[in-house]
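Written out below as structure tokens is the structure these notes cover.
In my numbering, the protein residues as written are 176 to 558.
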């Protein structure tokens, strides 16, 4: 795959790099609009990152599925279940890490009843698992039909089971009630001010289709090879899916937080368009410059570097650097990364969004250096 379709590696690496960029601002209070999620309905560039990654998971699946079919069902199930459990467990570990926290000047154990169960890696694990089963047993036609059924069923459930006259609102979304019953409010995300999980169990249903679409596109790329017919058909598909998502959004709004079906079509269309552009530039015009090399190394250790970018700030938060005394006479402590933002990045501009963006860019460079060194040593950490 690496030799034949280098563009897929660049696509995956760019997606991972953007995930790190948007997840590591200097301050969540100072973010440029394109680097922030839509407040509810809508879709910003940041809202494209996660669906693009799920799409890339499906691309990769299309290259390994033929080998799974050759080795038989039992080995296939063993490998897929093992990988699913590992990715889910790593996500849970990340949520719980570093297992202790500061409380009134003392380090105390973080209790299990405060830990969020779901998250980005957990959703990736579930989508990978269910999409693998659908593709393996349903083949291409079955996967396409199942994906369409999932999207329509989810729309019906959102509308039919809504808790109010506004089925696609935070208050009316049916999935929260199910997540509360299965996960419990203590184990859910509360960034919206109430227990609501943007990577909850119910909204995982349409997200599975994102992986299926990635698989179908990856399979088609292999079948057609490097031809202008491939490019033209992928481009047409991208336009049709994007327009279909926009049209559907008039009834079922684009929304990442509840992962609406229109959002799946819209973001898949944009993912195909982006991938088609990369195929044209890299595979047809042999463009392999600094940009492709930069993103390629992210794509070679995607899971490791994503986990590290989440784990390292958490572990460094245990280190407290005395910074100042607040208005109440209490000492204010910063972590090493927090100190770097406050004293190096933040002062660079009166516009605090610039300092926050500078910090995020420095973090990208820092993590890139790590994966670059791993690539130079041919160390690839896979699950």
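Backbone N, C-alpha and C define an ideal beta-carbon position, used for all residues, glycine too.
Check                                                                                                                                                                  : Outcome
Between the alpha carbons of residue 230 and residue 385, how many angstroms are there, rounded?                                                                       : 5 Å
For residue 225 versus residue 295, is the C-beta spacing smaller than 8 Å?                                                                                            : yes
So what's residue 287 in DSSP terms, helix, strand or just coil?                                                                                                       : helix
Which of the three DSSP states is assigned to residue 205 in this structure?                                                                                           : coil
Determine the DSSP secondary structure at residue 282, reduced to helix, strand or coil.                                                                               : strand
If contacts are defined as beta-carbon pairs under 8 Å, then residue 390 and residue 237 qualify, I think. What distance do you get, rounded to the angstrom?          : 5 Å
Looking only at its chain, what residues have a beta carbon closer than 7 Å to the beta carbon of residue 313, apart from the 5 residues adjacent to it on each side?  : 321
In whole angstroms, what is the alpha-carbon distance linking residue 446 and residue 340?                                                                             : 33 Å
In whole angstroms, what is the alpha-carbon distance linking residue 243 and residue 310?                                                                             : 11 Å
Considering only the beta carbon of each residue, do residue 233 and residue 474 sit closer than 8 Å?                                                                  : no
To the nearest angstrom, how far is it from the Cα of residue 489 to the Cα of residue 203?                                                                            : 16 Å
Taking the alpha carbon of residue 277 as the point to measure from, which residue in 360, 501, 494 has its own alpha carbon closest?                                  : 494
Please report the straight-line C-alpha distance between residue 279 and residue 485, rounded to a whole angstrom.                                                     : 24 Å
On the DSSP bridge assignment, give the partners of residue 276 in chain order.                                                                                        : 283
If we define contact as Cβ-Cβ less than 8 Å, is residue 182 a contact residue for chain C?                                                                             : Of the chains in the structure shown, none is chain C; there is only one protein chain.
For residue 507, does the three-state DSSP call read helix, strand or coil?                                                                                            : strand
Does the separation of the CB atoms of residue 363 and residue 298 fall below 8 Å?                                                                                     : no
Could you check where the beta strand (DSSP E) with residue 498 kicks off and where it finishes?                                                                       : 496–500
Under a three-way DSSP split, which group does residue 217 fall into?                                                                                                  : strand
Measuring CA to CA, which of 287, 534, 316, 256 is closest to residue 269?                                                                                             : 287
How should residue 422 be labelled, buried or exposed, when 16 other C-beta atoms within 10 angstroms of its C-beta is the threshold for buried?                       : exposed
Quick check: what's the CA-CA separation for residue 373 versus residue 528?                                                                                           : 25 Å
Identify whether residue 270 lies in helix, strand or coil by the three-state DSSP scheme.                                                                             : helix
Determine the extent of the alpha helix (DSSP H) in which residue 404 is found, giving its start and end residues.                                                     : 403–423
Is it the case that the stretch 375–385 contacts the stretch 324–333, given that we only count it when at least three CB pairs across the two stretches are under 8 Å? : yes
Mapping the DSSP letters down to three states, classify residue 529 as helix, strand or coil.                                                                          : helix
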